[in-house]
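> Per my numbering: the sequence shown = residues 394 to 723.
C-beta: ideal position from N, C-alpha, C; glycine also.
Treat the numbers as computed from the prediction; the structure is a model and nothing was measured.
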Amino acid sequence: MQIDSKLDAVDAWICNETLATVYDNCCVPQEKEVVLEDPAISLLRSTQISAKGLFIIETQMVFNQPVCDNFQVTGESIILGFYLEGDASAEITGLLQHSVHPPNVHYICYTPSFKAEFRMPPNKLHRYFLVILSKEFYFRLLHQHSELHQEFADKVLQGRHTYLSDNPLEITPEMKWVLNDIRNCQRTGPLKRLFLEAKIMELLMLQLEQYQKPQEQQIRNSILRGDDAQRIAEARAILEENYQNPPTIQELARLVYLNETKLKQGFKTCCNHTIHGYVVWLRMEKARQLLQQSQQSIGDIAYQVGYKNSAHFTSAFKKHFGFLPSEIKV
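1. Give me the Cα-Cα distance between Leu632 and Thr452, rounded to the nearest whole angstrom.
2. Among Cys408, Ala413 and Gln423, which one has its Cα closest to the Cα of Leu584?
3. Closest by CA to Ile575, which one among Ser703, Gln686 and Gln537?
4. Given that a residue counts as buried once 16 or more other Cβ atoms are within 10 Å of its Cβ, and exposed if not, what is Tyr521?
5. Please determine if the segment 474–486 and the segment 505–516 are in contact, where contact requires at least 3 C-beta pairs separated by less than 8 Å.
6. Buried or exposed: which applies to Phe716, given that a residue is buried once 16 or more other Cβ atoms fall within 10 Å of its Cβ?
7. Bridge partners of Tyr521, per DSSP?
8. Tell me, please, whether the segment 456–472 touches the segment 521–535 by the rule of three or more beta-carbon pairs shorter than 8 Å.
9. Taking the beta strand (DSSP E) that Ala483 falls in, what are its first and last residues?
10. Does the beta-carbon distance from Val455 to Ser435 come in below 8 Å?
11. Let's see if you can read the secondary structure: which residues bound the beta strand (DSSP E) around Thr411?
12. For Arg553, does the three-state DSSP call read helix, strand or coil?
13. Rounded to a whole number of angstroms, what is the C-alpha to C-alpha distance between Ser558 and Tyr604?
14. Could you work out which residue in Phe448, Trp406, Ala433 and Ala405 is closest to Leu412 when comparing CA atoms only?
15. Does Ala402 come out as helix, strand or coil in the three-state DSSP assignment?
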């Protein structure tokens, strides 16, 4: 499996990797960072992790002129794609023609050979996260006869270009936390390999779970009219930015120009949480991350995620996870 990414405006590769396609759980992943500098580039930083049958790449880019990224995977591959920011125009051989990639969407696709052009306008941040798997690796994670992906798996076995779903879906907060776990993993060697495989499995589960619920989109469409869905998304973004000291429901409704009833109903439908429940979830997930990855005290972490009283934080953490924060503090 050969993976190439090259910008038409720059005589340099973002990635140029050759990987074996076999699944080998003893293969230790290799990691590197690529930084490109050029008059056409304002920012380009790419983090890449590779192992047999597996390639993970996260790239963020800002350009000073229109640029095309020629991205190619030679050989069969399944791609778990997360387009985080930007509005690139994409053309993918066998899959997609001249479509604008909206931000904050994910997809799963298979190609016998992936060849794409991503055209990016200047002065905007473009950021994507891809997990590229060989066919053998993918079917080790999920059996080819699993009912979770039967139609998709049949097309993979037939060698036919295909998406798991006709339309990309919105990246959920749970997916973002898994991406963040991968991004911040401090493990090395075989433990890192085991960790990455577990997180890829979790990502795949979250994607499949969302694809299994098309009726939820119909419910959303029946409840939310006009630009209401965008206003709910804005409300969620406000909470994600201010979860330590969130606005009241009344204040939030005023900020996004919705009445309180529609805000509460729409938020529950779109986010699968009440507004209060989502704030608690954000606080607990951030606290978990800090407990695992930092040397801060429990009291400092409690304050950082919005609790003035560490006892209240400990109680909320125990209720959320079922164990005390001291039990995972490293």
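Reading it off the structure:
1. 26 Å
2. Gln423
3. Gln686
4. buried
5. yes
6. exposed
7. Thr452 and Tyr476
8. Result yes; three or more Cβ-Cβ pairs closer than 8 Å.
9. Ser482 to Ile485
10. yes
11. Trp406 to Thr411
12. DSSP places Arg553 in coil when its eight states are reduced to three.
13. 7 Å
14. Phe448
15. It is coil, neither helix nor strand.
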